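Novice: Quick one: structure below, then a few questions.
Residue numbers (the UniProt record's numbering): 1 to 301.
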C-alpha cells in the first residue's frame, strides 16, 4: 500500500555512513521540498505528482525520518546544523545550485531557510506552508504539549514508547475532514518502534527557546537572513487552525515578508497539503508560472 501511495523511485545518498533517502522526479528548474516533524517526503506526494512534468522535484527524508536510516545518537547528531548540512550535501551531490524553488513546512522552514541563508543567490522562489524561520513569536506561548515532549521523561515515554507525537499529528493536523486510514497509516509507518522514533523526539528537544540553548544563535542568524529575500517571489499558504504554527507565526511572516502573496485557510490545520491539497497545489502552480523567466520577459516586453 505504501508503494502505491508513495510511488516514487527511492534514491539514497550516503551521509557519513547513514543512508538519506530522497525523491528525485522530473526535469526542469528544481523544486526542493523540505518536510518537518513528524512527517516525511510522503507529505509532498501530491505536489510532486503535480509539478514533476515540468520541474525536477527533489524531496529528502531527513535522517531518522521516512525511508532514511534511523541511527541512534552515537551515529548521528540530531540537531538543526546537521539537517542543513544534509540538505546542502544532497543538493551539491545533485549539482542543483541555481533557480531553486524552495518549499518548506514545519521544521522544513528552519532547515530550508538555513540552507537559503548560506546560498541566497540560488533561491528563485519561496513557498511557505505553516512553518517558521525565526524564534517563537513574543505573542505566542510555547504549547504545553510540546513542552511535555521537550522537557519531561513522560514526554519521552509517550513519543518513543507510544508514537504519541506522530499518531496525534495524523489526527489533529487536519481539520476539514479526518485523514483516510491508509493515509494516516502511511504517515506513521516509518516510526514503528522505540528506536525508529528517535528523530521525532529529538526534533522537539532541539527547539531553542532562550539564549544558551543549542541552536539559539543559529536561529537568530537564519531569522536575520530573511531580509535577503525581500525581492524573491514568495507565496504563503496557511492553515489557520494549526495549534503550533498559528496566526502568531503567520503575522510574523507577513511582517518579515510583506511582499509575499498570502492565502489563508480558516478551516484548515497544520497539514495544509492534506486539508486543502487541490487549492494549495493550484496556488503553487500559478505562482511558479507567474514568476517564471518567460512570464517576467513577457511582462517586460
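From the three backbone atoms N, C-alpha and C, an ideal C-beta is built for every residue, glycine too.
Small disclaimer: the values here were computed from a predicted structure and weren't measured.
Between the region 74–81 and the region 131–150, are three or more C-beta pairs nearer than 8 Å?
Specialist: As far as the Cβ criterion goes, the region 74–81 does not touch the region 131–150, which means the pair count is below three.
Novice: Looking at the strands, I want to know which residues DSSP matches up with residue 281.
Specialist: None; residue 281 has no bridge partner.
Novice: So, at 6 Å on beta carbons, what are the nonlocal neighbours of residue 11 in its own chain, with the 5 sequence-adjacent residues on each side left out?
Specialist: The answer, listed in chain order, is 22 and 24.
Novice: Considering only DSSP beta bridges, list what residue 11 is partnered with.
Specialist: BP columns for residue 11 point to 22.
Novice: Put residue 265 into one of helix, strand or coil per three-state DSSP.
Specialist: The answer is strand: DSSP assigns residue 265 an E or B state.
Novice: Which of helix, strand or coil does DSSP assign to residue 79?
Specialist: Three-state result, residue 79: coil.
Novice: Between residue 214 and residue 150, what straight-line distance do the alpha-carbon atoms span, to the nearest angstrom?
Specialist: C-alpha separation (whole angstroms): 13 Å.
Novice: So, at 8 Å on beta carbons, what are the nonlocal neighbours of residue 225 in its own chain, with the 5 sequence-adjacent residues on each side left out?
Specialist: 113, 116, 117 and 120, listed in sequence order.
Novice: Alpha carbon to alpha carbon, how far is residue 9 from residue 174?
Specialist: Rounded to whole angstroms, residue 9 to residue 174 spans 27 Å at the Cα level.
Novice: Who pairs with residue 238 in a beta bridge, going by DSSP?
Specialist: Per DSSP, 264.
Novice: Which full runs of the beta strand (DSSP E) of 3+ residues lie inside the region 123–204, going along the chain?
Specialist: Listed in chain order, they are 123–131.
Novice: Between which two residues does the alpha helix (DSSP H) holding residue 272 run?
Specialist: Note, residue 272: alpha helix (DSSP H), 272–275.
Novice: Given a cut-off of 8 Å on the beta-carbon distance, is the pair residue 31 and residue 13 in contact?
Specialist: For residue 31 and residue 13, no; Cβs fall outside 8 Å.
Novice: Judging by CA-CA distance, which residue of 196, 97 and 105 is the nearest neighbour of residue 244?
Specialist: Answer by Cα proximity: 105.
Novice: Can you say whether residue 271 is buried or exposed, counting buried as having 16 or more other CB atoms within 10 angstroms of its CB?
Specialist: By the neighbour-count rule (16 or more Cβ atoms within 10 Å), residue 271 is buried.
Novice: Round the Cβ separation of residue 111 and residue 87 to the nearest angstrom and send it over; I've been treating them as touching at under 8 Å.
Specialist: About 6 Å; that satisfies the 8 Å criterion.
Novice: In the DSSP assignment, what residue or residues form a beta bridge with residue 100?
Specialist: BP columns for residue 100 point to 123.
Novice: Given a threshold of 16 other Cβ atoms within 10 Å of its Cβ, counted over all protein chains shown, does residue 6 qualify as buried or as exposed?
Specialist: Under this definition residue 6 is a buried residue.
Novice: Does the count of Cβ pairs from the region 153–172 and the region 250–260 closer than 8 Å reach three?
Specialist: Verdict: no, contact absent.
Novice: Keeping to the same chain, check which residues put their C-beta closer than 6 Å to that of residue 54; ignore five residues upstream and five downstream.
Specialist: Closer than 6 Å at the Cβ level, and outside the excluded window around residue 54, lie 28.
Novice: Leaving aside the five residues before and after residue 301 along the sequence, list all residues of the same chain whose C-beta is less than 8 Å from its C-beta, in chain order.
Specialist: Only weak support is given to the placement of residue 301: the predicted model assigns it a pLDDT of 41, under 50, and the question is left unresolved by the model.
Novice: Strictly by DSSP, which residues pair up with residue 58?
Specialist: Answer is 24 and 32.
Novice: In terms of alpha-carbon separation, which member of 199, 200, 201 and 220 lies closest to residue 209?
Specialist: Measuring from the Cα of residue 209, the nearest candidate turns out to be 220.
Novice: I'd like the list of long-range same chain contacts for residue 263, defined as Cβ closer than 8 Å, with 5 residues on each side in sequence excluded.
Specialist: For residue 263, where only same-chain residues beyond five positions count, the Cβ hits under 8 Å are 235, 236, 237, 238, 279, 280 and 283.
Novice: Counting C-beta neighbours from all protein chains within 10 Å, is the total for residue 35 16 or more, i.e. buried, or is it exposed?
Specialist: With 16 or more other Cβ atoms within 10 Å, it is buried.
Novice: Select from 132, 268, 56 and 129 the residue whose C-alpha is nearest the C-alpha of residue 97.
Specialist: The shortest Cα separation from residue 97 among 132, 268, 56 and 129 belongs to 56.
Novice: Output the distance between the C-alpha atoms of residue 101 and residue 157, rounded to the nearest integer angstrom.
Specialist: Rounded to whole angstroms, residue 101 to residue 157 spans 38 Å at the Cα level.
Novice: State yes or no: is the C-beta of residue 291 within less than 8 Å of the C-beta of residue 125?
Specialist: It is a contact, given that the beta carbons lie within the stated cut-off.
Novice: Alpha carbon to alpha carbon, how far is residue 133 from residue 227? Give it in angstroms, no decimals.
Specialist: The straight-line gap from Cα to Cα measures roughly 12 Å.
Novice: Which value, in whole angstroms, describes the spacing of the CA atoms of residue 298 and residue 39?
Specialist: Only weak support is given to the placement of residue 298: the predicted model assigns it a pLDDT of 47, under 50, and the value that follows is read from those uncertain coordinates. Between residue 298 and residue 39, the C-alpha separation is close to 39 Å.
Novice: For residue 105, which beta-bridge partners are listed by DSSP?
Specialist: Residue 105 is bridged to 129.
Novice: Return the residue from the list 154, 190 and 248 that minimises the CA-CA distance to residue 138.
Specialist: It is 248.
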